[in-house]
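Asks: Protein chains in written order, with my numbering: chain U, 34 to 393; chain D, 34 to 393; chain A, 34 to 393; chain F, 34 to 393.
Okay, handing you the structure first.
Protein chains: 4
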Amino acid sequence: MGNTFGHLFRITTWGESHGGAIGVVIDGCPPKLAIDINTIQAELDRRRPGQSHLTTSRQEEDRVEILSGVFDGQTLGSPISMLVWNKDAKPSAYEHLKDVYRPSHADFTYQQKFGLRNWQGGGRASARETIGRVAAGAIAKQILREQCGTETLAYVKQIHTIQAEVDSDTVTLDDIESSLVRCPDPRASEKMAECVDQARRDGDSLGGIIESVSRNVPVGLGEPVFDKLKADLAKAMMSLPATMGFQIGSGFGGVVGTGSQHNDPFYNDDGRVRTRTNNSGGTQGGISNGENIVFQIAFKPTATIRKEQETVDIDGNPVTLSAHGRHDPCVLPRAPAIVEAMTALVLVDHFLRQRAKTLD
Amino acid sequence: MGNTFGHLFRITTWGESHGGAIGVVIDGCPPKLAIDINTIQAELDRRRPGQSHLTTSRQEEDRVEILSGVFDGQTLGSPISMLVWNKDAKPSAYEHLKDVYRPSHADFTYQQKFGLRNWQGGGRASARETIGRVAAGAIAKQILREQCGTETLAYVKQIHTIQAEVDSDTVTLDDIESSLVRCPDPRASEKMAECVDQARRDGDSLGGIIESVSRNVPVGLGEPVFDKLKADLAKAMMSLPATMGFQIGSGFGGVVGTGSQHNDPFYNDDGRVRTRTNNSGGTQGGISNGENIVFQIAFKPTATIRKEQETVDIDGNPVTLSAHGRHDPCVLPRAPAIVEAMTALVLVDHFLRQRAKTLD
Amino acid sequence: MGNTFGHLFRITTWGESHGGAIGVVIDGCPPKLAIDINTIQAELDRRRPGQSHLTTSRQEEDRVEILSGVFDGQTLGSPISMLVWNKDAKPSAYEHLKDVYRPSHADFTYQQKFGLRNWQGGGRASARETIGRVAAGAIAKQILREQCGTETLAYVKQIHTIQAEVDSDTVTLDDIESSLVRCPDPRASEKMAECVDQARRDGDSLGGIIESVSRNVPVGLGEPVFDKLKADLAKAMMSLPATMGFQIGSGFGGVVGTGSQHNDPFYNDDGRVRTRTNNSGGTQGGISNGENIVFQIAFKPTATIRKEQETVDIDGNPVTLSAHGRHDPCVLPRAPAIVEAMTALVLVDHFLRQRAKTLD
Amino acid sequence: MGNTFGHLFRITTWGESHGGAIGVVIDGCPPKLAIDINTIQAELDRRRPGQSHLTTSRQEEDRVEILSGVFDGQTLGSPISMLVWNKDAKPSAYEHLKDVYRPSHADFTYQQKFGLRNWQGGGRASARETIGRVAAGAIAKQILREQCGTETLAYVKQIHTIQAEVDSDTVTLDDIESSLVRCPDPRASEKMAECVDQARRDGDSLGGIIESVSRNVPVGLGEPVFDKLKADLAKAMMSLPATMGFQIGSGFGGVVGTGSQHNDPFYNDDGRVRTRTNNSGGTQGGISNGENIVFQIAFKPTATIRKEQETVDIDGNPVTLSAHGRHDPCVLPRAPAIVEAMTALVLVDHFLRQRAKTLD
């Protein structure tokens, strides 16, 4: 019962990386939205493997199919079921992992929790699981754009030790997409690409930081006290594979300022109450305040590497493992599409929740 | 609908800081637990204001009453309703804040979202809201202790720029409680106390970092893909007032290592599979792996300060505000009880969820 | 986790009949509603025991207190906590029931499920549990009235073998309240009162049927496929103590007609699409169609009677029981307030859900 | 957000009758169950149209495919996604219904609620929607059978005015399946078949009553106060298309007895506490008591008939409609599979809930 997310715009995802297919059911999507399947496909294309030599060599077209909930190009208000078939599945490539626990992967915990696991490629713990999130997120983004003019972007802020300089107020989708690693700082982007390529050749892997910005978010989203906007965003992001941290606004760095330095002064900007700084990252009291929502997510280096590692097998015997087969040296370049999707899913859910309780 | 937390061990909190009372209803607590109200009270005492000169001067006894769900000292399996009356409420002390938005407080967003607010002391955005969480958390802790031997501790890791050295594997409750600021590193503790006292005198405020460790957590807690243990912990912590970040295990610092450096090697520890390092922070694939669960939370400096600040009033007019009345220069010393409670609530919920699906 | 009802307008009830108090927390109530505590009290007065010689002799004032969520007479949008203290609790009167299972009461199943029970007066299975529902329902009714002009009424349609004739289109609250047993058919009302009085003297009890009508319900409430309006109404009613059946529109009687007889023909009533008959009871496809919502609920005779009964004690020994102490020969006269409350709770929840998904 | 059912064993269904496919996602199914797809298919075969000349002429093989959650024949503990393709869809057959509201069908309310509808065959309001329920129910039945020895059966108790005599304690699946209309009383079965055939020839339709019995249900299932077993069963049944009533145990008929007649006396049956009668229908206080759970559901006559009917079109103009194309004169013969599925889904959900809160 952990595969559903959202309260009013609710998604349920399903599928293993090497089962028949991967999919999502959206329940609660408002009716009469014009759906363009190409827009959804475009988001999946940003997420899919094999976009460049820097990512996993798995070749998947990830072609989305809509099986319900859309009629004559419009949403019906009934559940929208979408799926992507697993095509380039090579279970045999995982045969050598069948009885071995990859360090820092989900092999051990899945085996312990469930008593068995689909050892073919990570099963439900694979990054392929995010396909359903991205497909649903594309529709969430559309609602936000059409209803509020909200735009959500995410980009690579750091890979390994290379940090980018990005102005979150002005960065564009084009800035992001024009970079091989989806880092809108061209100088950093180039270094990151080299760095990832080196990790690939080394059979090693790299982590990094994704930054997300949402602009034109309506004031008033977020439900105290548990479903604060920052809380739901944190959950959304920390539910992604490989995430190790979430921070909003000033985050961990903000703890060294005093209140008088850290507080965001209000001023009247031509009739609209705004803040001079945005240390709050766009939410106060757990509710959006109309400023940009800015947060960061830490991704650890991918667990599956080719380098030799100490581990144990399923019987507890010591084993030296060097995973062969596919190898994804860095997930960061594919992460922005996923982070944007999750952000949009949180925002649209709260947008609908706020509508519900705002009486005429 | 944002005031309920948990799936099987579910709490609903209610109450404004200056309404009649603050309370919680626990639904889903297993029957036949022996309840000692003093244990619950002891946790509330760790949270309450006025414990030392370093915290807010509000004087509240915060005496808990159990109104239902317990009979002859045992839980009935029915909802447990607990409350604490607001006694030292001084609405008049907040009169000057009635029409002014405190910078980085919830005043503005509550007013915008709800169209009105209880301006007496922060209403629902007050730290008093956490009373219900702490009372419920005391029972969650008891279940974990009795059923699994799990111990959850939290302590101050950093205030302002002062960082403590703490060994999360060995730190004890006594180590924590013997410090005025609840920092188990005596050298740091002393400096922190001075620093907070200075902020109090300055009419300013300080932030910091809380670290949480849970030991003897059963393997297998956490429900992929959305209700991963790290995701639910992140949500729990980011639902607390003033939190700006959450990181587990290596967190943001972990992004600079490579996979071969960051992965936690498995080994056979006398029949039990363990990891040599704990960069994962006790969860892999979103599921507890039996190692200590270690995470950190960033708290910003308290928003309400005595120092003069630029802001606007409810009509958008520029105002210079210096909040008088009570002033809490640093919430960190009172935060451990709250963080422990939220950790226990997440763990016990997942403990029950795992029981449900483990068939004989 | 079974003490919460509703999705957007969500109530959590708590309290045993002889614990300290009985209460409810409403989460999701829209802000800025003007709350008149007397209106809530009036509904509780219709539910409370001791209104006439026909009902239980328990004397409870059932005075409601609002502890949170209301400020300056208006809802804040935060949880509304309300409670009623148990005053006329006489645990000693139940001493003889401590180790005996009353036939058809919840004693046996509670003992088996939970391993213990509050034997003082039925605990959570007591009709007192409905106090929280009625208090919350009073606010739900207000929202429906103010937002949609919806009126919900319930009345006694049958007690024992005495059936009333009532025109659900025209019956008024006054018609209902002017009857001692809350049956708006004066002739039947008189007979029913006699009949209940006889049962009281016999130490026996009677069941009956409540009918509910809701007028001016907006078209479009109800969420296929599981949260159909009729499904949520059925659950609401069957969650009440002593209920044995629910039927809407033509109900069980409707199965003998053919489709051509049973279908409700549509016609154009001066621009509004209406149906000539209302066998559907106001919903089609699980969604309200704008006609009156009419349903009935069967209540079995109260389980606790003074007459001698065969049963067993907690050790399985055969026992002859004649319950003494309080005795309520018929709950029907007090049921309308409860049924109206549950109906209003379902309707207002669906009203908010429909608002959420109706985009501009 | 109305397409998910269950708390721990949770199903989400999707699909229109003439969209691409119909399906279900089960979240919360315990791991390591051996899944036999033929068992699931067998249940779908009991539900599918075209089993005899008495039902709809739609020809659908309804071949189920499992797309996730099962590996090497065992459940993984991850979501189980199943679907059935719509093959014999003839949208053109519905062209004449595009702009007309069928009386007592969901056409009008869907159009009003959503602002559009899939007019091809009923869309989401079609009986095809129950395919996902039946597929999921097959797995629920298996868990109940393997874990508790629970058996759930449903059968036709009445069609039109023809009532069957059935002993719910002894009736078998074979008794039911050997009847063309799934009525285990051979004499009534024959009459019912004639009656349905006549309705088919008349272009009319018939309703009736399904009875459900569950044997060997563990004591203790059901969660007071809102998630009482009878309440969740009522919701499950009233969420089915065409249902108009639910009654458990003595139901509406039970209101005419007095308490002393209606109460079920407890006795000691060789160490097990049982009741001499079962007016309670297997639950007391909302919790199963170990006796058979027996309830009935009223189904109205199918709304779509060939006979001429008065109605209006989408613009409100009066229209005389005689629906042509497929026609199902009576859904009762196909209903037992659906009712059994829903019963099993409720029971297994409560079985898991009860496990969760029963500590060692």
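C-beta atoms are modelled at their ideal positions from N, C-alpha and C, and glycine is treated no differently.
Just mark U:ARG309 as buried or exposed, buried being the case when its beta carbon has 16 or more other beta carbons within 10 Å.
Replies: If you number the first sequence from 1, residue 309 of chain U lands on position 276. It is exposed - the Cβ of U:ARG309 has fewer than 16 other Cβ atoms within 10 Å.
Asks: Within the segment 41 to 123 of chain U, note down every full beta strand (DSSP E) run reaching 3 residues or more, in order along the chain.
Replies: List check, beta strand (DSSP E) in window: 43 to 47, 54 to 60, 98 to 101 and 113 to 118.
Asks: Could you give the DSSP three-state label for F:LEU254: helix, strand or coil?
Replies: Translated into positions along the fourth sequence, residue 254 of chain F becomes position 221. Correct three-state label for F:LEU254: coil.
Asks: Measure the Cβ-Cβ separation of D:GLY170 and U:PHE259 and say whether it is below 8 Å.
Replies: Along the second sequence, one-based indexing puts residue 170 of chain D at 137. Along the first sequence, one-based indexing puts residue 259 of chain U at 226. Against a cut-off of 8 Å, the Cβ pair of U:PHE259 and D:GLY170 comes out as no contact.
Asks: Could you check what DSSP says for D:SER321 in three-state terms: helix, strand or coil?
Replies: Residue mapping note: residue 321 of chain D aligns to position 288 of the second sequence, counting from 1. Strand, per DSSP.
Asks: Shortest alpha-carbon distance to U:GLY319 belongs to which of U:GLU93, U:ILE347 and U:LEU380?
Replies: What you label residue 319 of chain U is simply residue 286 of the first sequence in a count that begins at 1. For the residues U:GLU93, U:ILE347 and U:LEU380, the minimum Cα distance to U:GLY319 belongs to U:LEU380.
Asks: D:SER114 touches chain U at which residues, Cβ-Cβ below 7 Å?
Replies: In the second sequence, counting from the first residue as 1, residue 114 of chain D sits at position 81. Under the 7 Å cutoff, chain U gives no residues; its nearest Cβ is about 18 Å from D:SER114.
Asks: Assuming contact is defined by CB atoms lying nearer than 8 Å, are F:THR203 and F:VAL250 in contact in what I supplied?
Replies: Indexing the fourth sequence from 1 puts residue 203 of chain F at position 170. Indexing the fourth sequence from 1 puts residue 250 of chain F at position 217. Not a contact, by the Cβ cut-off of 8 Å.
Asks: I need the boundaries of the beta strand (DSSP E) containing U:ILE330, first residue and last residue.
Replies: Your numbering for residue 330 of chain U matches position 297 in the first sequence. Run containing U:ILE330: 326 to 332, per the beta strand (DSSP E) assignment.
Asks: Taking contact to mean 3 or more Cβ pairs, one atom from each stretch, closer than 8 Å, check whether the segment 95 to 109 of chain D and the segment 132 to 142 of chain D are in contact.
Replies: No contact exists between the segment 95 to 109 of chain D and the segment 132 to 142 of chain D.
Asks: Let me know the secondary structure DSSP gives U:ARG157 once reduced to three states.
Replies: Locating residue 157 of chain U in the first sequence gives position 124, counting from the first residue. Three-state result, U:ARG157: helix.
Asks: CA-CA distance, F:THR37 and U:PHE279?
Replies: Walking along the fourth sequence from the start, residue 37 of chain F turns up at place 4. Walking along the first sequence from the start, residue 279 of chain U turns up at place 246. In a straight line, the C-alpha of F:THR37 is about 30 Å away from that of U:PHE279.
Asks: In chain F, what lies closer than 7 Å to A:MET225 by C-beta?
Replies: As a first step, residue 225 of chain A must be located in the third sequence, where it is residue number 192. Those within 7 Å of A:MET225 in chain F number zero; the least Cβ separation is about 12 Å.
Asks: I'd like to check one pair, U:PRO369 with U:ILE243: are the Cβ atoms closer than 8 Å?
Replies: Position 210 of the first sequence, counted from the first residue, corresponds to residue 243 of chain U. Position 336 of the first sequence, counted from the first residue, corresponds to residue 369 of chain U. Yes, they are a contact pair.
Asks: Please check the pair A:PHE42 and A:LEU385, which I expect to be a contact at CB under 8 Å, by giving their CB distance rounded to whole angstroms.
Replies: If you number the third sequence from 1, residue 42 of chain A lands on position 9. If you number the third sequence from 1, residue 385 of chain A lands on position 352. Yes, A:PHE42 and A:LEU385 are in contact; Cβ-Cβ is about 6 Å, under 8 Å.
Asks: Against chain E, does D:GLN180 count as a neighbour if the rule is that its beta carbon must be under 8 Å from one of theirs?
Replies: Among the protein chains in the structure shown, which are U, D, A and F, there is no chain E.
Asks: Between which two residues does the alpha helix (DSSP H) containing A:VAL372 stretch?
Replies: Taking the first residue of the third sequence as 1, we reach residue 372 of chain A at position 339. From DSSP, the alpha helix (DSSP H) with A:VAL372 extends over 368 to 390.
Asks: Any C-beta of chain F within less than 9 Å: which residues of the segment 62 to 81 of chain D qualify?
Replies: So the list reads CYS62, PRO63, PRO64, LYS65 and LEU66, given in the order they occur along the chain.
Asks: Alpha carbon to alpha carbon, what distance is there between U:PRO334 and F:PRO112?
Replies: By one-based count along the fourth sequence, residue 112 of chain F stands at place 79. By one-based count along the first sequence, residue 334 of chain U stands at place 301. The straight-line gap from Cα to Cα measures roughly 27 Å.
Asks: Hey, is A:LEU262's beta-carbon within less than 8 Å of any beta-carbon in chain U?
Replies: Residue numbering aside, residue 262 of chain A sits at position 229 when the third sequence is read from its first letter. Judged by the 8 Å Cβ criterion, A:LEU262 is not in contact with chain U.
Asks: Since D:ASP398 meets chain A, which of its residues come closer than 9 Å, beta carbon to beta carbon?
Replies: Residue coverage of chain D in this structure runs from 34 to 393, which leaves residue 398 of chain D outside it and unanswerable.
Asks: Could you name the residues that DSSP lists as bridge partners for F:ILE242?
Replies: Residue 242 of chain F sits at position 209 when you count from the first residue of the fourth sequence. Partner(s): F:GLN191 and F:ALA331.
Asks: Taking U:VAL252 as the query, report the chain D residues whose CB atoms sit under 9 Å from its CB, ordered along the chain.
Replies: Along the first sequence, one-based indexing puts residue 252 of chain U at 219. In chain order: PHE141, THR142, GLN145 and LYS146.
Asks: Going along chain F in order, which residues have a C-beta closer than 7 Å to the C-beta of A:ASN296?
Replies: If you number the third sequence from 1, residue 296 of chain A lands on position 263. Simply PRO136, SER137, ALA336 and GLN342.
Asks: Specify the secondary structure class of A:HIS167 as computed by DSSP and reduced to three states.
Replies: The residue given as residue 167 of chain A occupies position 134 in the third sequence. In the sequence on display, residue 167 of chain A carries Val and not His. If DSSP states are grouped into helix, strand and coil, A:VAL167 belongs with the helices.
Asks: Can you name the residues that DSSP bridges to A:SER247?
Replies: Position 214 of the third sequence, counting from 1, holds the residue named residue 247 of chain A. Paired residue(s): A:THR185 and A:ILE326.
Asks: Can you tell me whether A:HIS360 is buried or exposed? The criterion is at least 16 other CB atoms within 10 Å of its CB, across all chains shown.
Replies: Translated into the one-based positions of the third sequence, residue 360 of chain A becomes position 327. Buried, because 16 or more other Cβ atoms sit within 10 Å of the Cβ of A:HIS360.
Asks: What are the start and end residues of each continuous beta strand (DSSP E) run of 3 or more residues lying completely inside the segment 251 to 297 of chain F, in chain order?
Replies: If we require 3 residues or more, the beta strand (DSSP E) runs fully inside the segment 251 to 297 of chain F come out as 276 to 281.
Asks: Name, please, each residue of chain D whose Cβ falls closer than 9 Å to the Cβ of A:ASN325.
Replies: Looking up residue 325 of chain A in the third sequence gives position 292. Ordered by position in chain D, no residue passes the 9 Å Cβ test against A:ASN325, which lies about 29 Å from the chain.
Asks: My output table needs one value for U:ARG359: the three-state DSSP class, helix, strand or coil.
Replies: Position 326 of the first sequence, counting from 1, holds the residue named residue 359 of chain U. Looking at U:ARG359 - three-state DSSP - the assignment turns out to be coil, as it is neither helix nor strand.
Asks: If I'm right that D:PRO257 touches U:ARG157 with Cβ under 8 Å, what's the distance once you round it to whole angstroms?
Replies: Stepping through the second sequence from its first residue, residue 257 of chain D is reached at position 224. Stepping through the first sequence from its first residue, residue 157 of chain U is reached at position 124. 6 Å between Cβ atoms; contact.
Asks: Tell me the DSSP secondary structure of A:PRO217 in three-state form.
Replies: Against the third sequence, residue 217 of chain A aligns to sequence position 184. A:PRO217: coil per DSSP, three-state reduction.
Asks: In angstroms with no decimal places, state the Cα-to-Cα distance between U:PHE332 and D:PRO63.
Replies: For this step, residue 332 of chain U is matched to residue 299 along the first sequence. For this step, residue 63 of chain D is matched to residue 30 along the second sequence. Rounded to whole angstroms, U:PHE332 to D:PRO63 spans 37 Å at the Cα level.
Asks: Starting from the C-beta of D:LEU116, find all residues in its chain whose C-beta is less than 6 Å away, skip the five residues before and the five after it, and write them out in chain order.
Replies: As a working mapping, residue 116 of chain D is identified with position 83 in the second sequence. ALA54, GLY56 and GLU98.
Asks: Starting from the Cα of A:GLN317, find the closest Cα among F:THR142, F:ASP200, F:SER85 and F:SER50 and give me that residue.
Replies: Within the third sequence, numbered from 1, the residue matching residue 317 of chain A stands at position 284. Checking every option, the nearest Cα to that of A:GLN317 belongs to F:THR142.
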